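Chains as they are written, first to last, in my numbering: chain C, 534 to 820; chain V, 5 to 291.
All C-beta atoms in this analysis are idealised placements derived from N, C-alpha and C, irrespective of residue type, glycine included.
Fair warning: this is a prediction, and the values are worked out from it, not measured in the lab.
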Amino acid sequence: MRITVGLAQIYPKIGDVTANLDKHLEAVEDAAAAGVDLLIFPELSMTGYQVQDLVPEVALEAHADDPVFKRLLDASKRLDLVVGFVQRDSRQRYFVAQGYLSGGEVVHVHHKVYLPTYGMFDEARYFDVGEGVRAFDTRFGRVGMLICEDFWHISPPYILWMDGADLLIFSSSSPGRGLDGSERLSESRWVEQVNQAYGSAFTNYVVHVNRVGYEDGKVFWGGSSIVDPDGKFLVRGHYFEEMLITHEIDLNQVRRTRARLPLLRDERPALVQRELARILAKDEHTL
Amino acid sequence: MKHLHIPTEEKDFVKRLTINADVARQMLCGFIRDEMDKAGMRRAVIGLSGGIDSALSAYLAAEALGAENVLAVRMPYRTSSQDSLDDADLVIRDLGLQTMTVPITDMADALIGQFPDMNGLRKGNIMARLRMIVLYDQSATYGGLVVGTSNKTEMLLGYSTIYGDSGVALQPIGDLYKTQVRQLAAALNIPTPVQSKPPSADLWEGQTDEGELGFTYAEVDKVLLLMVDERYTVDEVVAEGFDRAFVEKVWRRVKINHFKRTMPNVAKVSRRTIGHDWLYLRNYTGR
């Protein structure tokens, strides 16, 4: 199956859900006109990244009774949508959330599991941690979604691989850092290396959408990309520039690559489980 | 057996401080434009001293906003050297900037004259603060943001006047060491006299930064790179071959001047306090 993927490398406006909704709907128009089947937005695309004390003001509820969310659900009747937002639950907890919407329905919502709270990051101060990493079925096969720091850790992509995801969708709001002599920031090099490794090791598609723009001196670097099951970059968006990147991918490539390289067939999750159980039991013992 | 010994990578500090000029330009010019947009302005006001920091800032601002939107203000005191004025003029003419000259002699002397035994430090601070006043006055009438010209080296060393040269709306080159400022200035073909002359606050004849500080920027930048960016301890920097007394002197200077890099403390008495737990980005205006 061939599908056209759209990577909406946008510059969300900090704290302005209305303006960001408009921007999303414009991108949906452009993407639909370009024949996109699946349009992916970056982390917190509806709110901007460093929302801090604005969290309660910008939070959405992921159902059609929320007037803003309803507009997104309506848009998902035209093409499948992955959007980033702050999700409020019924008990006033807030999550960094990524929703997969299709045909007017919420297919899946992922809550960010790893909230970076070090260096310039302060997420755990404002957000509750996600408690699950689950793949889910879509009309394009089984998909897994992760948000930024989630895929800096090696285990969530592995779990999604074991849970049947052949397409990994990574969303981020990654501030640029590590300017050196190279034409790519050290941060960009690191993320690209990691994404390429996941594509290669899992014989999966990896689609990464990173935002652009500025927040209080932080410069988000964009460079959204698609890595194919052979670990090759099919697409690399420009750095620092707002743009919609569209590209057709052939999902059958997963089968062809796995015929050559049966890493999934030979993977031994039960062994992982046994050894992890042993290691965790030992840790408990030594604590 | 064949023996291949790979020596540890040389401590090539020139390489470690090297930045890619194109990436730097893109990030910094974009930042300047973005800060203007968010403030609802299109123009910049810059105090041009004839030195390399303000010259580089002017080149970046002109690239970001167009030369016609940059007002370069020369603010000589009677002891300022003619060279400084001439060098500033080279920049103004090369870029085609809007320009004006506002001598600060009368303003400064009105205060200095009241204290016959005033030392050079006090006079220097008065000059720096008067220049800030002139720039903010022009900001109000010209409709532009005051663009700061401080680099990372001087901000870390505290080699600046609080509410003087540090009193600005944005700091485009505040994360570039002096060594990196020089690289970027060379890449942008800033007039040679501006690039090659010794850095000076030009408060009295023959004054140079490096003479006053007691070390060169080239040397101190290596130490700061290790301690700030790469988190080396004093002992680890000494182990890299630097003189202990020098390293300790630099680090002491960085620490005692920390107050110049932070907002004044607010005594917290209420439940929610500015600067403590009232947390919004400077870039968030709610507009």
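* For Gln30(V), which option in Ser758(C), Val745(C), His686(C), Lys815(C) has the closest C-alpha, if you only look at C-alpha atoms? -> Nearest C-alpha to Gln30(V): Val745(C).
* Determine the closest residue to Ile56(V) out of Arg275(V), Leu89(V), Asn73(V), with distance taken between C-alpha atoms. => Ile56(V) has its Cα closest to that of Leu89(V), out of Arg275(V), Leu89(V), Asn73(V).
* Compile a chain-ordered list of the residues in the region 747-767 of chain C whose CB is closer than 8 angstroms to at least one CB of chain V. => Result list: Tyr747, Glu748, Asp749, Gly750, Val752.
* Would you mind listing the beta strand (DSSP E) stretches within the region 687-732 of chain C that are 3+ residues and don't spill past its ends, in chain order? => Contiguous beta strand (DSSP E) elements confined to the region 687-732 of chain C occur at 700-705, taking only those with 3 or more residues.
* With respect to the alpha helix (DSSP H) encompassing Lys556(C), which residues constitute its N-terminal and C-terminal limits? -> Lys556(C) -> alpha helix (DSSP H) spans 550-566.
* To do: Anything in chain C within Cβ reach of Gly38(V), meaning under 8 angstroms, just list it in chain order.
  => Looking at the sequence provided, one finds Asp at residue 38(V) rather than Gly. Those within 8 angstroms of Asp38(V) in chain C are Gly746, Tyr747.
* **Boundaries (first-last residue) of the alpha helix (DSSP H) holding Thr103(V)** => From DSSP, Thr103(V) is part of no alpha helix (DSSP H) but of the beta strand (DSSP E) over 102-105.
* Could you tell me whether any Cβ in chain V is nearer than 8 angstroms to the Cβ of Gly652(C)? => For Gly652(C), the closest Cβ of chain V is not nearer than 8 angstroms.
* How would you write the range of the alpha helix (DSSP H) that Glu223(V) sits in, first residue to last? -> Taken as a continuous stretch (DSSP letters only), the alpha helix (DSSP H) holding Glu223(V) covers 221-228.
* Asked: With a cut-off of 8 angstroms, do at least 3 Cβ pairs link the region 584-601 of chain C to the region 647-665 of chain C?
  -> These segments touch.
* Are three or more beta carbon pairs between the region 30-41 of chain V and the region 119-133 of chain V nearer than 8 angstroms? -> At 8 angstroms Cβ cutoff, the stretches do not touch.
* **Delimiting residues of the alpha helix (DSSP H) encompassing Met159(V)** => Taken as a continuous stretch (DSSP letters only), the alpha helix (DSSP H) holding Met159(V) covers 156-161.
* Does Val27(V) come within less than 8 angstroms of chain C when only Cβ atoms are used? -> Residue contact check for Val27(V) against chain C: a CB pair falls below 8 angstroms.
* Less than 8 angstroms between the CB atoms is what I'm expecting for Asn24(V) and Ser715(C), so what's the real figure, rounded? => About 6 angstroms; that satisfies the 8 angstroms criterion.
* In angstroms, rounded to a whole number, what distance separates the CA positions of Phe17(V) and Arg791(C)? -> Their backbone Cα atoms lie some 46 angstroms apart in a straight line.
* Asked: Can you list the residues of chain V that Glu656(C) reaches, using a CB-CB cut of under 9 angstroms?
  -> Simply none; closest approach about 13 angstroms.
* **Classification of Arg186(V) by the beta-carbon crowding that lies within 10 angstroms, buried from 16 upward** => The residue is buried, with at least 16 neighbouring Cβ atoms inside 10 Å.
* **Start-to-end residues for the alpha helix (DSSP H) that takes in Trp754(C)** => DSSP places Trp754(C) in no alpha helix (DSSP H) but in the uninterrupted beta strand (DSSP E) bounded by 751-754.
* Asked: Which whole-angstrom value describes the C-beta separation of Val538(C) and Ile812(C), a residue pair presumed to lie in contact below a C-beta threshold of 8 angstroms?
  -> The pair is not a contact, with the Cβ atoms about 38 angstroms apart (cut-off 8 angstroms).
* Asked: Is the region 712-730 of chain C touching the region 747-761 of chain C in the sense that three or more CB pairs, one from each, lie closer than 8 angstroms?
  -> Two segments are said to touch when three or more pairs of C-beta atoms, one from each, lie closer than 8 angstroms; by this definition the region 747-761 of chain C touches the region 712-730 of chain C.
* Identity of the residues DSSP links to Phe574(C) by a beta bridge -> Paired residues: none, contrary to the question.
* Asked: Could one say the Cβ of Met131(V) lies closer than 8 angstroms to chain C's Cβ atoms, at least one of them?
  -> Not flagged as an interface residue toward chain C: Met131(V), since no C-beta distance is shorter than 8 angstroms.
* N-terminal and C-terminal residue of the beta strand (DSSP E) that Thr212(V) is part of -> Looking at the DSSP string, Thr212(V) is not in any beta strand (DSSP E), and its letter there is neither H nor E.
* Any contact of the region 223-239 of chain V with the region 154-161 of chain V, i.e. 3+ C-beta pairs under 8 angstroms? -> The region 223-239 of chain V vs the region 154-161 of chain V: in contact.
* Asked: Taking 8 angstroms as the CB-CB limit, is Gln30(V) close to chain C?
  -> Yes, Gln30(V) counts as interfacial toward chain C.
* Asked: What does Asn287(V) touch in chain C if you count any residue whose Cβ is under 8 angstroms from its own?
  -> Residues of chain C passing the Cβ test: Ile547, Tyr747, Glu748, Asp749.
* Taking only beta-carbon positions, decide if Thr22(V) is within less than 8 angstroms of chain C. => Interface residue (Cβ-Cβ distance to chain C less than 8 angstroms): Thr22(V) is classified as such.
* chain C beta carbons: is any one of them nearer than 8 angstroms to that of Gly290(V)? -> For Gly290(V), the answer is yes, since a Cβ of chain C falls inside 8 angstroms of its Cβ.
* What residues from chain C crowd round Val34(V), counting only those whose CB sits closer than 8 angstroms? -> In the sequence on display, residue 34(V) carries Gly and not Val. Here the neighbours are Tyr747, Val752, Phe773.
* To do: Taking all protein chains shown into account, decide if Val805(C) is buried (16 or more other Cβ within 10 angstroms of its Cβ) or exposed.
  => Flag for Val805(C) reads exposed.
* Asked: Which same chain residues, not among the five before or five after Val742(C), have their C-beta less than 7 angstroms away from its C-beta?
  -> Cβ-Cβ distances below 7 angstroms link Val742(C) to Leu540, Ala541, Gln542, Ile573, Phe574, Pro575, Ser704, Ser757 in the same chain, with the five nearest sequence neighbours on each side left out; the list follows chain order.
* Could you please tell me which residues of the region 673-686 of chain C, in chain order, have their CB closer than 9 angstroms to any CB of chain V? => The residues in question: there are none.
* Asked: Distance, Cα to Cα, Arg286(V) vs Gly709(C)?
  -> Rounded to the nearest angstrom, the two C-alpha atoms are 19 angstroms apart.
* Asked: At a CB-CB cut-off below 8 angstroms, which residues of chain V make contact with Gly709(C)?
  -> Simply Met31.
* Asked: Among Glu725(C), Val646(C), Tyr738(C), Asp655(C), which has the Cα closest to the Cα of Ser688(C)?
  -> For Ser688(C), the closest alpha carbon among the candidates Glu725(C), Val646(C), Tyr738(C), Asp655(C) is that of Val646(C).
* **Contact the region 672-690 of chain C vs the region 551-558 of chain C: 3+ CB pairs below 8 angstroms** => No, the region 672-690 of chain C does not touch the region 551-558 of chain C.
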